[in-house]
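In the numbering used here, the protein residues as written are 49 to 277.
For every residue, glycine included, the Cβ atom is placed at its ideal position computed from N, Cα and C.
Here the structure is a predicted model, which means the values were calculated and not measured.
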């Protein structure tokens, strides 16, 4: 069965990050892992590399590419920060959270990570930072907080985003309290009860070994659950 790869959405001026080594153009210029590029055109992409040279390539032939707009963020001591890409040299994972302890005169940040470590970095060398006060349900997997506030928009939320899996992941992030804020409490239950379990790819034939389909696990969280409008 032919499968069509889902391509990132590109805009002129976006920056892009390669998470794997890859080749660009006939010269086979290697864009090393983590190197940023600047997008100059659509479709057949012309990119400006960090060394100032330009290469043109077909984005359908490249994998491991994340695309993002470059925006300024103002931060102060005490702000919550999240990493939006892995920082291997700092031993920090994607979406790991921390708090700014100090900002030096050279703009270096000292962070107290939620895991208990202290990390120092130059944001010019590690630009994949964002405010850490909110994150998507997908990004919050593996994170835990005493209390969580969950925003669910039943009109803007896509069908494949609002489902039972999203509800379980989001609500189970809170140790003691989880509150959901929504635009439509009447349809919220229907939206968040949508089943996203998949049927098995192998169908049973007479005399074949039976393969059980994947099941959807449901957990009840009865402590500290609130609903807001």
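Just the Cα atoms here: how many angstroms apart are residue 101 and residue 138?
Roughly 29 Å separates the two Cα atoms.
Of the residues 199, 150, 123 and 203, the one placed nearest residue 235, counting alpha carbons only
203
Classify residue 136 as helix, strand or coil using the three-state DSSP reduction.
helix
Let's see if you can read the secondary structure: which residues bound the alpha helix (DSSP H) around residue 166?
Where residue 166 is concerned, there is no enclosing alpha helix (DSSP H), although the beta strand (DSSP E) around it starts and stops at 166–169.
Give a yes or no on contact between the segment 214–231 and the segment 170–189, applying the rule of three or more CB pairs nearer than 8 Å.
yes
Could you check how far apart the C-beta atoms of residue 66 and residue 112 are, in whole angstroms? I think they sit under 8 Å.
6 Å
Check whether the Cβ atoms of residue 169 and residue 212 sit closer than 8 Å, and answer yes or no.
no
Measuring CB to CB, does residue 131 end up less than 8 Å from residue 176?
yes
Closest residue to residue 230 among 223, 244, 197 and 242 (Cα-Cα distance):
197
Residues of its chain near residue 135, where Cβ-Cβ distance is below 6 Å and the 5 sequence neighbours each way are ignored
174
Find the nearest neighbour of residue 145 within the set 180, 124, 98 and 118, judged by alpha-carbon distance.
180
For residue 227, name the three-state secondary structure that DSSP assigns.
strand
Please state if the CB of residue 148 and the CB of residue 124 are separated by a distance shorter than 8 Å.
Their beta carbons are under 8 Å apart, which means residue 124 touches residue 148 by this criterion.
Distance, Cα to Cα, residue 222 vs residue 242?
Taken atom to atom, the span from the alpha-carbon of residue 222 to that of residue 242 is near 22 Å.
So, under 8 Å CB-CB, residue 118 and residue 63 are touching, yes? Tell me the CB distance rounded to an integer number of Å.
5 Å
Is residue 53 buried or exposed, if buried means 16 or more other CB atoms sit within 10 Å of its CB?
Because residue 53 carries a pLDDT of 44, less than 50, the predicted location of this residue cannot be relied on, and the following value inherits that uncertainty. With fewer than 16 Cβ atoms within 10 Å of its Cβ, residue 53 is classed as exposed.
Measuring alpha carbon to alpha carbon, tell me which of 167, 152 and 227 ends up nearest residue 194.
227
Buried or exposed by the 16-neighbour rule on C-beta atoms within 10 Å, applied to residue 108
exposed
Checking 8 Å against the spacing of the C-beta atoms, do residue 104 and residue 121 come in under that value?
no
Residue 195 (DSSP reduced to helix, strand or coil)
DSSP, reduced to helix, strand and coil, places residue 195 within a strand of the structure shown.
Between which residues of its own chain and residue 128 is the CB-CB distance below 7 Å, once the five residues before and five after are set aside?
145, 147, 179, 180 and 181
Could you give the distance in angstroms between the alpha-carbon of residue 95 and the alpha-carbon of residue 82?
15 Å
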